[in-house]
Amino acid sequence: MARALSVYMGREAAKRISVEGWSADLFRLLLGASGGPKWFILDHLDRFLFSDFLQRSNRPLSVLGSSIGAWRHACLAMPDPVAAIDQLQQGYLYQRYSSKPTPEEVSAVSRKILEAIMGEHGGAHLLSHPRIQTHVVTARGRGFAASSSTPALVAGLGAAALNNTLSRQRLQSHFQRVVFHSGSPPDPGLSLQDFQTSYCELSEHNILQTLHASGAIPLVLAGEQNIPGAPTGQYWDGGIIDYHFDLSQYRGEGLILYPHFSPSVIPGWFDKFLPRRKTAIREVEKLVLLCPSAEFTANLPLGKIPDRSDFKRLGEEERINYWEQCVQRSRALAEEFVALLESSDPLAGVAVFD
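All letters in the sequence shown, in the order written, are residues 12 to 365 by the numbering used here.
Now the structure itself:
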């Protein structure tokens, strides 16, 4: 029978897990990628990781996320992660809009989802969590990419896409990476060297704005302006720069746990259209990547995991029904991960990069 879960490991990760087993103490960084509705395929895996596996350690854990990855990590930092995931799932799955929603309408829905996740005291819980240090990635627009005018913003995005085709580093002419973090200082293992990265502290005055900005796709959502405690300007989806992250930049001592949508890791959003930009994950020795297998994905309704195109390709009720089925199917990934933890062979079925 085909497996639902694929597990990929770098050499160092495999060596340590083969000796020490699946100990939560081994992991010092949890990654969460952009991807919007793609998250639904990780729903039940997140529930187990957040409420069980990652709770088996008392050691510090840094989390780094952009867009939906940052929203998922906010759930982890709540007193009841599963209840928070319930709020995220319900709010995101049952989004409803007018026939042609404006960015302001979509942003209003997004803010309500975040408010439901965080509740009255969620910000305080995240900021004061005794073990989890949260890092949220945003992209601060420059030039036309910072404009509130649609024609100017379209021009800015077009120029950014063109420059990115020539070199990823040219994208920094259009966007600056701004990482908001709980606690001080940020994790030194996440000292990102490119995109003139700026680090700003999260506070109860900026946490909802930051989370909203991190998932604010230009032209789809309204973004956030002048977030308190950060450089002035227009803030957009962190996935523009860090869609799946450049994994080579991590300098921490522990292993990286990466529940992801596929084995493909693409640094920035514009790199989706440039196959040569895919990260060679076999070179990331501390990586443990969990994702749905190709066979599992092929057998899903529509033969794919959810994505943003579903809003346009499917009617509202058809989309919701499809997403509900994918959430239910995601249970298989969690069940197989639990079985792996309980196996006498901690590397059973694992693909280890040599």
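All residues carry an ideal CB built from backbone N, CA and C; glycine is no exception.
In its own chain, which residues sit with a C-beta less than 6 Å from the C-beta of residue 245, not counting the 5 before and 5 after it?
152, 157, 234, 236
Mark residue 279 as exposed unless 16 or more other C-beta atoms lie within 10 angstroms of its C-beta, in which case mark it buried.
buried
Mapping the DSSP letters down to three states, classify residue 247 as helix, strand or coil.
strand
Starting from residue 114, trace the beta strand (DSSP E) in both directions and tell me its first and last residue.
Here residue 114 belongs to no beta strand (DSSP E); instead the alpha helix (DSSP H) covers 114 to 129.
Is the shortest distance between the beta-carbon of residue 122 and the beta-carbons of chain D less than 9 Å?
The structure shown contains no chain D; it holds only a single protein chain.
Among 106, 134, 130, which one has its Cα closest to the Cα of residue 121?
106
Helix, strand or coil, according to DSSP, for residue 14 in the structure here?
coil
Verify whether the separation of the beta carbon atoms of residue 346 and residue 136 is less than 9 Å.
no
Residues in the same chain with beta-carbon distance under 7 Å from residue 184, minus the five sequence neighbours each way, listed in chain order, please.
153, 174
Let me confirm a value: residue 284 is counted as buried when at least 16 other C-beta atoms fall within 10 Å, else exposed. Which label applies?
exposed
Tell me where the alpha helix (DSSP H) around residue 218 begins and ends.
218 to 225
Under 8 Å: do the region 310 to 325 and the region 18 to 30 share three or more Cβ pairs, one atom per stretch?
no
Return the CA-CA distance between residue 115 and residue 160, expressed in angstroms with no decimal places.
13 Å
By DSSP's criteria, residue 191 is part of a beta bridge. Which residues make up the other side?
147, 211
With distance defined between alpha-carbon atoms, name the residue in 171, 298, 179, 118 nearest to residue 221.
118
When you compare only the Cα positions, how much space is there between residue 268 and residue 75?
11 Å
Beta carbon of residue 193: closer than 8 Å to some heavy atom of the ligand NAD?
For the structure depicted, the ligand NAD is absent and the ligand set is empty, with no information on it obtainable.
Which residues share a DSSP beta bridge with residue 38?
266
Taking all protein chains shown into account, decide if residue 271 is buried (16 or more other Cβ within 10 angstroms of its Cβ) or exposed.
buried
Less than 9 Å between the beta carbons of residue 42 and residue 143, yes or no?
no
Determine the DSSP secondary structure at residue 200, reduced to helix, strand or coil.
helix
Closer than 7 Å by C-beta to residue 50: which residues in its own chain qualify, once you throw out the five before and the five after it? Chain order, please.
79, 83
Near residue 125, which residues of its chain fall below 8 Å by C-beta distance, leaving aside the five closest residues on each side in sequence?
82, 85, 219, 222, 223
Contacting residues, own chain, Cβ-Cβ under 7 Å from residue 342 (five flanking each side not counted)
55
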